Amino acid sequence: MGYDWPLVEDAMLSPCQLAEMEYEFRSSHGSRGAVRRLGGTTQPFQRGNADTAGGINVTDAMNVLGGLFLAGSELPCQDAADVNDSGTLELTDAIHLLGYLFLGQAPPAAPFIECGLDATPDALSCVAAEGCEY
Ligand SMILES: [Ca+2]
Ligand SMILES: [Ca+2]
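Be aware that the sequence shown starts at 2, since it is given in my numbering, and climbs by one per residue.
Rendered as structure tokens:
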């Protein structure tokens, strides 16, 4: 009582506007979350090398599936497992990799086959990518 809440009825914002406001807020307040969200990972990795070991083979596809469906199965580099660079880990990533390996279909998205950084920032993390350290 005694406080006049601003009238919000006429101030409905679209999700896009809200995201924009959130971004502006975070950048002006120096939040680390914004840095992660906008900058992506700084760990170089090789797309498709989901187990971050050896070459790119069927083991990597199995690792993508393990990361998706097996409890306690952690992927060392989620970005490497995001084979199609959609920003999310899904069954399609394993299928994409298997299609490349066995059916001669499209290769994983960049960085591939060389190690590199993710050019499209997302919420995925990459803690370690063996063989891709600079
Ligand atoms: Ca591998
Ligand atoms: Ca994906």
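Even for Gly, the Cβ is constructed at its ideal location relative to N, Cα and C. Every value quoted in this text rests on a predicted model; they were computed, and no experiment measured them.
Range covered by the alpha helix (DSSP H) that runs through residue i
i, result
"Val84", "First-last for Val84: undefined, no H or E at that position."
"Phe46", "Looking at the DSSP string, Phe46 is not in any alpha helix (DSSP H), and its letter there is neither H nor E."
"Ala62", "Val59 to Phe70"
"Leu102", "Leu92 to Leu104"
Proximity of residue i and residue j at Cβ, strictly below 8 Å
i, j, result
"Phe113", "Gly56", "no"
"Asp80", "Cys127", "yes"
"Thr42", "Asp52", "no"
"Leu102", "Asn64", "no"
"Leu90", "Gly68", "yes"
"Ala124", "Pro77", "no"
"Pro122", "Val84", "no"
"Leu104", "Ala62", "no"
"Leu92", "Pro45", "no"
"Ala111", "Ala120", "yes"
"Glu134", "Ala54", "no"
Check: residue i C-beta below 7 Å from any heavy atom of ligand 4
i, result
"Asn85", "Absence of ligand 4 from the depicted structure is noted, with ligand 1 and ligand 2 being the only ligands included."
For ligand 1, residues whose Cβ lies under 7 Å from any non-hydrogen atom: This criterion selects Asn50, Ala51, Asp52, Thr53, Ala54, Gly55, Gly56, Ile57, Asn58, Thr60 and Asp61.
Residues proximal to ligand 2 by C-beta, any heavy atom closer than 5 Å: Cβ atoms closer than 5 Å to ligand 2 belong to Asp83, Asn85, Ser87 and Asp94.
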